[in-house]
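**Q**
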Amino acid sequence: MFSNLGLFSQQTCPDLDCNRPSCLFRHSTARTARSSIDQLKETKSRCRMVSTTAAAPQVDVAVSTKRTATKPLEHPVQKKSSSAALLPQPASSSPAITSLSSTSAPSGPPALPYTKLSPQPLADRQKALGTLYAQFEKLYSRVLDQHPKLAQESALNQEDETSRNTRSIKAYKMAIHQAAVSISRRAPPDRVPHISIGTVKQCRAAAEAAEIAKASKLTTQRVDNLCHDIETLVQWGYPDYNNEELLAPPVIISSITERQVCDRCKKDFDPNVEYELGDCTFHYGRPRPERREGRRVWLYSCCGKERGAPGCEDGIHVFSFKEDDAKLAALEPYRTTQQVHSQNDILASGAFEIVGMDCEMIYTTGGSSLARVTIVDEDGATVFDELVRQRHRVLDCNTRFSGVVKEDLERAAMDLEAVRKAVCSFVGPKTIVVGHGLENDLRALRLLHDRVIDTAILYPHPNGRPYRRALRDLVKEHLGYFIQENSVGGHSSAEDARATIEVLKSRVRNS
């Protein structure tokens, strides 16, 4: 792209053995001439080898005659045998050699890859590599048939790890000896992967991870004392498990006919009148206290304006019945987990002991409605993730927080009752359900369950009820990473469900 200015052409190259074809520095004439002669000899040698394959006697005579004019050959027979040794093998034998090398297991320690930056002599490193390979080969004797290169790979990785972490040859030899002793004391693996496979550093990390997993193991015996009693759940806004009117409401309604108050802008509107749904200006963020110019002010997290300022986003009016369980039961009666099991002949033996659950809600003409349910097991694997077919007309999917769009709901195949039945195939009467703010999820499912661990109650806000700590803050504090960073696409219900399980594991591990 740019022409060479030749600014270094008069400077002698610092590398005395430089073989770069386009070096920027100057080289001596003798070296250049010697390099040219060497290249010429190499070229002639290759030509002689190729020609000998086709007609060996004629090429030998021609070469000998040419060399006689300059310098007689002292041992022509020896030269001929040396050249013959360098000749390529016949084409017919090549496939057999390739097949053998590709199928046969590697034997002996591997060759150490050359590097100029090696802080230790290569001879010492190759010797250490052989020592490590002998230990790994003995350790992996049960699995080498299925993984023939495992010993060589582990030996190379261990030697490279030791070489990088030591500077003096004395420290290097001591580290190699300690690594070999450590390898010899491992339990022989009988499968791959295994905690005994890998370098010393990798095995130590695997052992620590196994210890953490063992200490964090969630069992009914370990977390049963963390379940909240019914009185505590009611105080935190959960539907009353003992309220029989929720199971058999005196009045059943199919649609909302009364005027409602918008959850966003607090204006009165009729959800059944199309032209009254619009003209809603609101703040989607919550006001948070900050100190500015020596005074405490409340600023919206969405736009940074002070509390009381006009809304920063336009939308339509929406509503929900919040904690009015009587109205919710009139639209769709509640069911206990035991009722769902008995009415649908669901076997409780197939339910999990502990699950994490998170639900996403949207706004419809019937109020806040369940849109998605996600359940994960103790290891965080998703066992159930289903969208819900809506009974009422959708007003707003609330995608910023739910992550659900109308196109998703069009593919939904299960209504609320079917989803609740499917949920209870994983959640039995004795199952412990873990979540954050689960009262909204159970209320949307119209499900009464009395074995709940709510991380919002487990780690209460310093100011007490009704304030709650956000799940992302709990995860950052106890687990050291961030969740819910996608503010545009909405929360991931699977991510939130897994996060509650991990927060509970942290509590069990540190208790």
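Following the working numbering, the numbering of the sequence shown begins with 33 at its first residue and continues without gaps. A virtual CB, placed ideally from N, CA and C, is assigned to each residue, including glycine.
1) Find out if the Cβ-Cβ distance for the pair residue 361, residue 278 is shorter than 8 Å.
2) Can you list, in chain order, the stretches of the beta strand (DSSP E) that have 3 or more residues and sit fully within the segment 232–288?
3) State the Cα-Cα distance for the pair residue 326 and residue 320, rounded to the nearest angstrom.
4) In the DSSP assignment, find the beta strand (DSSP E) that holds residue 181 and state where it starts and stops.
5) DSSP on residue 437, reduced to helix/strand/coil?
6) Measuring straight from C-alpha to C-alpha, what distance separates residue 425 and residue 290?
7) For residue 332, I'd like the list of residues in its chain whose CB is within less than 6 Å of its CB, leaving aside the five on either flank, ordered along the chain.
8) Given residue 477, which residues of its chain have a CB within under 8 Å of its CB, disregarding the five upstream and five downstream residues?
9) Express the C-alpha separation of residue 366 and residue 245 in angstroms, rounding to a whole number.
10) Please classify residue 147: does DSSP put it in a helix, a strand, or coil?
11) Any contact between the segment 462–470 and the segment 349–363? By contact I mean 3 or more CB pairs, one from each, below 8 Å.
12) For residue 173, which residues from the same chain have a beta carbon less than 8 Å from its beta carbon, with the 5 sequence-adjacent residues on both sides left out?
13) I need the boundaries of the beta strand (DSSP E) containing residue 411, first residue and last residue.
14) In the DSSP output, which residue or residues are listed as bridge partners for residue 321?
15) In the segment 449–481, which residue ranges form an unbroken beta strand (DSSP E) of at least 3 residues, counting only runs that do not cross its ends?
16) Which one or two residues does DSSP pair with residue 400 in a beta bridge?
17) Using the rule of at least 16 other Cβ atoms within 10 Å of the residue's Cβ for burial, across every protein chain shown, is residue 377 buried or exposed?
18) Taking the beta carbon of residue 264 as the centre, do at least 16 other beta carbons fall within 10 Å, making it buried, or is it exposed?
19) Cα separation between residue 13 and residue 523?
20) Tell me residue 621's beta-bridge partners as DSSP assigns them.
21) Please give me, in chain order, every unbroken run of the alpha helix (DSSP H) with length at least 4 that falls completely inside the segment 485–512.
22) In the DSSP output, which residue or residues are listed as bridge partners for residue 44?
23) Counting pairs of Cβ atoms below 8 Å between the segment 406–416 and the segment 490–499, do you hit three or more?
24) Which residue wins for smallest C-alpha separation from residue 399, given the options 328, 294 and 414?
25) By how many angstroms is the C-alpha of residue 482 removed from the C-alpha of residue 273?
26) Identify, in the order they occur along the chain, each residue of the same chain with its Cβ nearer than 7 Å to the Cβ of residue 363, setting aside the five sequence neighbours on each side.
27) Residue 567 to residue 232, Cα distance in whole Å?
28) In chain order, what residues of the same chain have a beta carbon less than 6 Å from the beta carbon of residue 349, not counting five sequence neighbours either side?
29) If residue 466 sits next to residue 485, beta carbons under 8 Å apart, how far is it from one beta carbon to the other, in whole angstroms?
30) Quick one: what does DSSP say residue 350 is sitting in, helix, strand or coil?
**A** Looking at the coordinates:
1) yes
2) none
3) 16 Å
4) Note, residue 181: premise wrong, no beta strand (DSSP E); not H, not E.
5) coil
6) 16 Å
7) 315, 317 and 319
8) 391, 402, 405, 448, 451, 452 and 455
9) 37 Å
10) coil
11) no
12) 220
13) Residue 411 -> no beta strand (DSSP E), and no H or E assigned at all.
14) 330
15) 459–467
16) 395
17) exposed
18) exposed
19) Outside the shown range of the chain (33 to 543) lies residue 13, about which nothing can therefore be said.
20) Nothing about residue 621 can be read from this structure; the chain reaches only from 33 to 543.
21) 487–490 and 503–510
22) 58
23) no
24) 294
25) 7 Å
26) 285 and 398
27) Past the boundaries of the shown model lies residue 567; the chain is included only from 33 to 543, so the question cannot be answered.
28) 294, 301, 309 and 312
29) 5 Å
30) coil
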